[in-house]
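Residue numbers (the working numbering), protein chains in the order written: chain A, 1 to 109; chain B, 1 to 116. Glycine residues also receive a C-beta, built at the ideal position from the N, C-alpha and C atoms.
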């Protein structure tokens with residue numbers, strides 16, 4: 001069946017550091033891939049998405065590229081801010097969403 | 001409405017009682033999804049609706065869980081004879097179309113359920 005695996009957290013970075021959160025997936029067919037973010041005390045929000053191979057999703061300085069050959073959708077940001085502290089979820093969708101386990105990011109000033 | 005709304009935001013109940021959780025999707029969205037977020041299990045799919053019918057109920061953990069949707073809008077998730085392992089945040093999401101891989105699902109704030 002379909003599944004998503006994310007790197008485990010928590011991840012702690014200093015402000016302006018480079019961020020990578022790894023995400024790999026197993027799927028039949030051609031799912032869309034998503035990153036959702038959950039800020040403290042808030043609900044899940046879409047961060048970015050990609051619907052086909054080699055697509056790059058981007059938003060708020062975050063980027064992820066749909067890599068079919070490596071079945072990956074790693075999240076990157078060149079310079080994180082304290083306000084990026086949140087839990088990040090990678091997900092695939094072939095109808096319903098299947099989520100990874102989430103990665104907690106903490107950015108220190 | 002402006003976004004997906006859920007009520008109540010918090011619910012504390014005693015083991016064995018029934019609870020009802022409500023979801024009001026974005027106006028015009030035909031698809032509605034229920035998920036559960038718990039410490040041990042992460043984010044799990046429960047059920048989704050296309051209009052008023054539920055083509056996929058595969059995530060409902062037991063027959064104590066049921067859901068309905070009326071008028072293609074509001075949905076209610078009912079948990080009968082609650083158990084402590086039902087404690088979780090129950091999330092509702094909606095999208096314009098159902099079963100479409102590229103459609104974005106928009107989430108509500110969730111209902112935090114605590115079973116004592």
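Helix, strand or coil at residue 83 of chain A according to DSSP, with G and I counted as helix:
helix
Below 8 angstroms on the Cβ atoms is my guess for residue 32 of chain A versus residue 93 of chain A; work out the distance and round it to an integer in Å.
Their Cβ separation, rounded to whole angstroms, is 5 angstroms, which keeps residue 32 of chain A and residue 93 of chain A in contact under 8 angstroms.
Cβ shell of residue 66 of chain B (< 6 angstroms), same chain only, five flanking positions each side left out:
So the qualifying residues of the chain are 78.
is_contact[residue 102 of chain B, chain A] using C-beta, thresh 8 angstroms
yes
In three-state DSSP terms, what is residue 100 of chain B?
coil
Kindly indicate the opening and closing residues of the beta strand (DSSP E) around residue 51 of chain A.
Residue 51 of chain A -> no beta strand (DSSP E), and no H or E assigned at all.
Select from the segment 62 to 96 of chain A all residues with a C-beta closer than 9 angstroms to any C-beta belonging to chain B, and list them in chain order.
89, 91, 92, 93, 94, 95, 96
Candidates A:75, A:36, A:95: closest to residue 55 of chain B by CA position:
A:95
Where residue 68 of chain A falls, given that 16 or more other Cβ within 10 Å makes a residue buried:
exposed
Got a sec, what are the start and stop residues for the beta strand (DSSP E) residue 22 of chain A sits in?
Run containing residue 22 of chain A: none; DSSP gives neither H nor E here.
Going by beta-carbon coordinates alone, are residue 28 of chain A and residue 5 of chain A separated by less than 8 angstroms?
No, they are not a contact pair.
Name the one or two DSSP bridge partners that residue 19 of chain B has.
Among the bridge pairs identified by DSSP, residue 19 of chain B is matched with B:79.
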